[in-house]
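Asks: Take the sequence shown: its position 47, counting from 1, is numbered 47 in full-length UniProt numbering, and each next residue is one higher.
The C-beta atom is built at its ideal place from N, Cα and C for all residues, glycine as well.
The following block contains the structure, expressed as structure tokens.
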Amino acid sequence: MENKLLSFRMQLFASVIRAGSFTVAAEQLNLTKSGLSSILRLLSKNSVCS
1 MENKLLSFRM QLFASVIRAG SFTVAAEQLN LTKSGLSSIL RLLSKNSVCS
């Protein structure tokens, strides 16, 4: 289950990179900017690289 969440968050992170901004990525993903930011904050918080 945790791996699926990590994979989902990584896909969202990649979407932001491809889109070039949180605003565009959020629109493409049908999310709010704050929702997308919250999800990615969890990715950063749980990252083994931090």
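1) Evaluate L36 with the Cβ neighbour count: other Cβ atoms within 10 Å of its Cβ, from every protein chain shown; 16 or more gives buried, anything less gives exposed.
2) Using a Cβ-Cβ cut-off of 6 Å (strictly less than) and excluding sequence neighbours within five positions of E2, which residues of its own chain qualify?
3) Taking the alpha helix (DSSP H) that T23 falls in, what are its first and last residues?
4) Let me check understanding here. Comparing Cα to Cα, which of L42, V16, K45 lies closest to N30?
5) At which residues does the alpha helix (DSSP H) containing N46 begin and terminate?
Replies: Checking against the coordinates, here is how it stands:
1) The residue labelled residue 36 in the question sits at position 36 within the sequence shown. Buried, by the Cβ-count rule.
2) Taking the sequence shown and counting its residues from 1, one reaches residue 2 at position 2. Closer than 6 Å at Cβ, skipping near neighbours: no residue.
3) Locating residue 23 in the sequence shown gives position 23, counting from the first residue. 22–29 is the span of the alpha helix (DSSP H), which, as asked, contains T23.
4) Taking the first residue of the sequence shown as 1, we reach residue 30 at position 30. Ranking L42, V16, K45 by Cα distance to N30 puts V16 first.
5) If you number the sequence shown from 1, residue 46 lands on position 46. Taken as a continuous stretch (DSSP letters only), N46 belongs to no alpha helix (DSSP H), as it is neither H nor E.
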